[in-house]
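Residue numbers (the numbering used here), protein chains in the order written: chain A, 1 to 435; chain B, 1001 to 1435.
By construction, the Cβ of each residue, glycine as well, lies at the ideal position given by its N, Cα and C atoms.
There are 2 protein chains.
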Amino acid sequence: MKISLQYSGNYSKLLSSEIHHKIQTIHHLMATRSGTGADYLGWVDWPHSIHLESLREIQETADKICEQSNVLIVIGIGGSYIGSKAMLEALSTNFESSHPVEIIFAGHLVNGSYLKRLMHYLDSKEVTVNVVSKSGTTTEPAIAFHFLRNYMENRYGEEASSRIIVTTDENEGTLRSLAIEKGYKRFVIPHNIGGRYSVLTAVGLLPLAVAGYDIHQLINGAKSAAEEYSKLDLEKNPAIQYAVIRKHLYDSGYPVEILSTFESQLKYVQEWWKQLFAESEGKAGKGIFPTSVLYSTDLHSLGQYIQDGQRIVFETCLLIEKVQEDLTFVETKQNMDQLNYLNEVSLHEFNHICYKAASLAHLQGGVPQIAITIEQIDEEHLGHLFYFFMMACAYSAYLLDINPFDQPGVEEYKMNIFKFLKKPAYSYNRQLQTK
Amino acid sequence: MKISLQYSGNYSKLLSSEIHHKIQTIHHLMATRSGTGADYLGWVDWPHSIHLESLREIQETADKICEQSNVLIVIGIGGSYIGSKAMLEALSTNFESSHPVEIIFAGHLVNGSYLKRLMHYLDSKEVTVNVVSKSGTTTEPAIAFHFLRNYMENRYGEEASSRIIVTTDENEGTLRSLAIEKGYKRFVIPHNIGGRYSVLTAVGLLPLAVAGYDIHQLINGAKSAAEEYSKLDLEKNPAIQYAVIRKHLYDSGYPVEILSTFESQLKYVQEWWKQLFAESEGKAGKGIFPTSVLYSTDLHSLGQYIQDGQRIVFETCLLIEKVQEDLTFVETKQNMDQLNYLNEVSLHEFNHICYKAASLAHLQGGVPQIAITIEQIDEEHLGHLFYFFMMACAYSAYLLDINPFDQPGVEEYKMNIFKFLKKPAYSYNRQLQTK
């Protein structure tokens, strides 16, 4: 299993001795855990270092949840939300009769109506809550947990403690103290793995297991990726290739990258990718702005801009070779809808032709093209793909001389909130209300 | 009812005599229907020119659909999809017991598994299909309709004709001929209203009415907007203000606009906005790249880039003054989650504080800020908002000397598809399959 990467430009020409040297240096810094942010390189060996025992514990907890509940509420934001959401959406099937356990997210938005109606909806269900927060102090999920903990305690009394599971840092945070005091089951996010690199830890694994998917296959896929993408091979390692091409395009005046796909179930994989790259690279006035489109629908929307607008974008298409289910076009006698030219074309083939057509048009319109292809969408390939992007992202950020593992900008608005709410609360809110 | 617009810069300073002159010229060209693309200015007077009789006909058809069906399939892409989707999502409530008639979209994506499972799902429902296509020839919805028409004919026999409704151009297109031959009920998209300006026609009105929403209020809101935003007033007309500010920021080196909101139900209003501006402005190597974020979740994702990344973005926040349902924080005795500082703050107030905090932080980080505020989300305010954006978009494109009403770039990939599939189909597909 391997990701294949195509680029519309001449890749070999990008491999200057300067790039060779830089990539070698980054590879060395990563291998020796000595670069900026090296305290957060825990994800690099994670697929190999996670114990079978840990996987078993997650699976057992998932099985217990499935026995006692038909809804799992996952409370989280950022890296504690989007990776799980991405996997569940990617593996889901349209119009399927619902899973034994329905998974509902909360805490990624602050919305009174949503929470109120969620709690009403839960009244007729059996519920477990998994609250996920690395720091244990982020306000948005803390607010959701505040209301949902209250709901669970009112509804289940002492039993609530056995229906609340906390995934948080090993050593610190409000959530950790609360979990210990209340006796909640705890899973650990390793201190050396940052939120947006944590999808392969209990953060993503527990919801995935509860939904009935194979967490061992996910880790297996990541393992094979760890082997492939740790190689120092500028010619053949697609994680390095992707980083080198991105850096070249960024330097050539393309500050916006569009991740496109024809697979609607990859929509939240795109969102996960956006967080990964935006938070890892978008610092010190630098970085590629990551955005996404879903085809065909966005060919009739942003497609016009991509084709003809200001020449600031390049495009990376995430392609899937095989789909598990398809329809094939059969010509009709009367050809009233004039579609007989599609005879014997499957819809997946149509999308592939559509991709070739759009990619060629966009390239001719001045939009450099990258294609990242995986064979199919399943647990193993997702694990592989996540790891690929994390490795490519680390290289990309280091190539910009950026620490890929901090997020200083996210703190700014948090500090303002704190400042605003430290004012005598009532008078401030009054002001808001009378506006 | 009016939209209020705030800008972090000094708006008066932007009103040079050149801008005054340009806006006057555009206003004159729009009023006299004499600018580039003037053949497609039908949307300008539409809220006033649509007949009560037409609204009554749409409502009657909707009532009939509600009697005979519990699922309405809306087949469309681009402007024939995203406006309806935006309205239905904006007005929907979380976890609500489903509407009498469920509305399902198709044709915006080409996906065999989706269509197959949709048809299986329909087996236990009573179904009406509304196929929407201005040109009547766009391939993606045509493919979906091909399979769904076949499904309807197999299932309902001759009755299928009374369960298929076509919304298309008055005078031309394959779909129109088919509808006439088969005797389908037809609604007209006026020839002088382009797809992305068609949300207030039968395109958006029929699905909205079927879902039980008030189409008269939608048109009323658009009417008041038509009155407000047709005024030649650079100081007070927010549609002109928005266009002038956007042009200034574009000229000042900000080629990317992020439309942010805290209201998750406006997610597809953001998508509608992206199509409107991307297709109207993104031409001739010009235009602002429109993209969107949803807060709080994206404050823990793209937020880092917005705060600290390359200084190419400005931000427009879509704010709602009042929500219909909310929760208010009540302090706890033990304060175990350390959130008592939120005592008596409602979650909507929290979001507003969060907005102030993020907007201030982003501004200080070098991201110019625009705020567009509407009072609440309902049919009337949505109609008003859609019209506001359409008017602002026309001014914006004209300020760039761009025809706001064509989309030449969308044709490029279509021509390639046609070219590829004109090759002896079988051999070409064989090549694809063996890759």
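Spatial neighbours of tyrosine 398 of chain A in its chain, beta-carbon cut-off 6 Å, leaving aside the 5 residues before and after: Here the question's residue 398 of chain A lines up with position 398 in the first sequence. Correct list, in chain order: Ile26.
Buried versus exposed, by CB contacts within 10 Å (16 or more), threonine 1093 of chain B: Position 93 of the second sequence, counting from 1, holds the residue named residue 1093 of chain B. Result: exposed.
Separation of asparagine 340 of chain A from isoleucine 1417 of chain B, as counted between CA atoms: The residue you call residue 1417 of chain B lines up with position 417 of the second sequence. The residue you call residue 340 of chain A lines up with position 340 of the first sequence. C-alpha separation (whole angstroms): 14 Å.
Chain-ordered neighbours of glutamate 325 of chain A on chain B, where CB pairs are closer than 7 Å: For the purposes of this step, residue 325 of chain A is taken as residue 325 along the first sequence, with counting starting at 1. Gly1112, Ser1113, Lys1116, listed in chain order.
Expected contact under 8 Å - CB spacing of alanine 62 of chain A and valine 210 of chain A to nearest Å: Counted from its first residue, the first sequence places residue 62 of chain A at position 62. Counted from its first residue, the first sequence places residue 210 of chain A at position 210. Confirmed, about 5 Å.
Three or more C-beta pairs below 8 Å linking the stretch 69-80 of chain A and the stretch 1295-1303 of chain B: Of all C-beta pairs linking the stretch 69-80 of chain A to the stretch 1295-1303 of chain B, three or more are shorter than 8 Å, placing the two stretches in contact.
Per-residue DSSP class, three states only, for arginine 1033 of chain B: The sequence position of residue 1033 of chain B within the second sequence is 33, counting from 1. It is coil, neither helix nor strand.
Cutoff 7 Å: methionine 336 of chain A Cβ touching any chain B Cβ: Position 336 of the first sequence, counted from the start, is the residue given in the question as residue 336 of chain A. So yes, methionine 336 of chain A belongs to the interface.
Own chain residues within Cβ distance below 6 Å of glutamine 407 of chain A, not counting five before or after: Working through the first sequence from its first residue, we reach residue 407 of chain A at position 407. Contacts found: Glu279.
Min CB distance tyrosine 355 of chain A to chain B below 7 Å: Taking the first sequence and counting its residues from 1, the one referred to as residue 355 of chain A is at position 355. Chain B, which has no Cβ nearer than 7 Å to the Cβ of tyrosine 355 of chain A, makes this no.
is_contact[alanine 361 of chain A, chain B] using C-beta, thresh 7 Å: Within the first sequence, residue 361 of chain A is the residue found at index 361, counting from 1. Taking Cβ atoms only, chain B reaches closer than 7 Å to alanine 361 of chain A, which makes this a yes.
First and last residue of the uninterrupted alpha helix (DSSP H) at leucine 1347 of chain B: Your numbering for residue 1347 of chain B matches position 347 in the second sequence. In the DSSP assignment, leucine 1347 of chain B falls within the unbroken alpha helix (DSSP H) covering 1347-1364.
Asparagine 171 of chain A classed as buried or exposed, judged by whether at least 16 other C-beta atoms fall within 10 angstroms: Here residue 171 of chain A is taken as the residue at index 171 of the first sequence, counted from 1. Per the 10 Å Cβ criterion, exposed.
Segment limits, alpha helix (DSSP H) that includes proline 1455 of chain B: Chain B is shown only over 1001 to 1435; residue 1455 of chain B falls outside these bounds and no answer can be derived.
Counterpart residues of threonine 261 of chain A in DSSP-defined beta bridges: Here residue 261 of chain A is taken as the residue at index 261 of the first sequence, counted from 1. Paired residues: A:Leu294, A:Leu318.
Within 7 Å, strictly: CB atoms of threonine 1167 of chain B and isoleucine 1065 of chain B: For this step, residue 1167 of chain B is matched to residue 167 along the second sequence. For this step, residue 1065 of chain B is matched to residue 65 along the second sequence. Here threonine 1167 of chain B is not near isoleucine 1065 of chain B, since their CB atoms are 7 Å or more apart.
DSSP state of aspartate 1326 of chain B mapped onto helix, strand, coil: Within the second sequence, numbered from 1, the residue matching residue 1326 of chain B stands at position 326. Coil at aspartate 1326 of chain B, not helix or strand.
Where glutamate 1096 of chain B falls: helix, strand or coil (DSSP): Sequence index remark: in the second sequence, residue 1096 of chain B carries index 96 (1-based). Looking at glutamate 1096 of chain B - three-state DSSP - the assignment turns out to be coil, as it is neither helix nor strand.
Spatial distance of tyrosine 156 of chain A from isoleucine 215 of chain A (CA atoms): Against the first sequence, residue 156 of chain A aligns to sequence position 156. Against the first sequence, residue 215 of chain A aligns to sequence position 215. Rounded to the nearest angstrom, the two C-alpha atoms are 30 Å apart.
Classification of histidine 1051 of chain B by the beta-carbon crowding that lies within 10 angstroms, buried from 16 upward: Counted from its first residue, the second sequence places residue 1051 of chain B at position 51. Under a 10 Å Cβ-count criterion, histidine 1051 of chain B is classified as exposed, with fewer than 16 other Cβ atoms of the shown protein chains found around its own Cβ.
Run of the beta strand (DSSP E) containing valine 1074 of chain B, from where it starts to where it stops: Stepping through the second sequence from its first residue, residue 1074 of chain B is reached at position 74. For valine 1074 of chain B, the enclosing beta strand (DSSP E) has its first and last residue at 1071-1075.
Three CB pairs or more closer than 8 Å across the stretch 1314-1334 of chain B and the stretch 1344-1353 of chain B: yes
7 Å Cβ cutoff, leucine 302 of chain A in contact with chain B: Position 302 of the first sequence, counted from the start, is the residue given in the question as residue 302 of chain A. Taking a beta-carbon distance threshold of 7 Å, leucine 302 of chain A counts as an interface residue toward chain B.
Outcome for leucine 232 of chain A when other beta-carbon atoms lying within 10 angstroms are tallied against a minimum of 16: Translated into the one-based positions of the first sequence, residue 232 of chain A becomes position 232. Classification of leucine 232 of chain A: exposed, given that the 10 Å Cβ count is below 16.
Stretch-stretch touch, CB-based, cutoff 8 Å, three pairs: the stretch 1234-1253 of chain B with the stretch 1112-1124 of chain B: no
Proximity test, Cβ basis, 7 Å: leucine 347 of chain A and chain B: Start at 1 with the first residue of the first sequence, and residue 347 of chain A comes out as number 347. Yes - at least one Cβ of chain B is within 7 Å of the one on leucine 347 of chain A.
Nearest to threonine 474 of chain A (by Cα), restricted to the options A:Lys322, A:Val293, A:Asp337: With chain A covering only 1 through 435, there is no way to say anything about residue 474 of chain A.
Contact between the stretch 1270-1290 of chain B and the stretch 303-310 of chain A (3+ Cβ pairs under 8 Å): yes
Pairwise C-alpha distance: glutamine 324 of chain A and asparagine 1351 of chain B: Locating residue 1351 of chain B in the second sequence gives position 351, where the first residue counts as 1. Locating residue 324 of chain A in the first sequence gives position 324, where the first residue counts as 1. Spanning the alpha carbons of asparagine 1351 of chain B and glutamine 324 of chain A requires a straight line of approximately 42 Å.
For asparagine 1192 of chain B, three-class secondary structure by DSSP: If you number the second sequence from 1, residue 1192 of chain B lands on position 192. Three-state DSSP puts asparagine 1192 of chain B in coil, outside helix and strand.
Which listed residue (B:Gly1107, B:Arg1176, B:Ile1082, B:Glu1153) has its alpha carbon closest to that of alanine 1142 of chain B: Translated into the one-based positions of the second sequence, residue 1142 of chain B becomes position 142. Taking only the C-alpha atoms, the option nearest alanine 1142 of chain B is B:Gly1107.
Positions along the stretch 1078-1091 of chain B whose CB lies within less than 8 Å of some CB in chain C: The chain labelled as chain C is not found among the protein chains of the depicted structure, namely A and B.
Whole-angstrom distance between valine 269 of chain A and isoleucine 457 of chain A, CA atom to CA atom: With chain A covering 1 to 435 only, the question about residue 457 of chain A has no answer from this structure.
Ranges of the beta strand (DSSP E) found wholly within the stretch 119-175 of chain A, counting only runs of at least 3: 127-133, 164-169
Three-way DSSP call (helix, strand, coil) for arginine 117 of chain A in this model: On the first sequence, residue 117 of chain A is found 117 positions in, with the first residue counted as 1. Three-state result, arginine 117 of chain A: helix.
Whole beta strand (DSSP E) elements within the stretch 363-387 of chain A, 3-residue minimum: Listed in chain order, they are 369-374.
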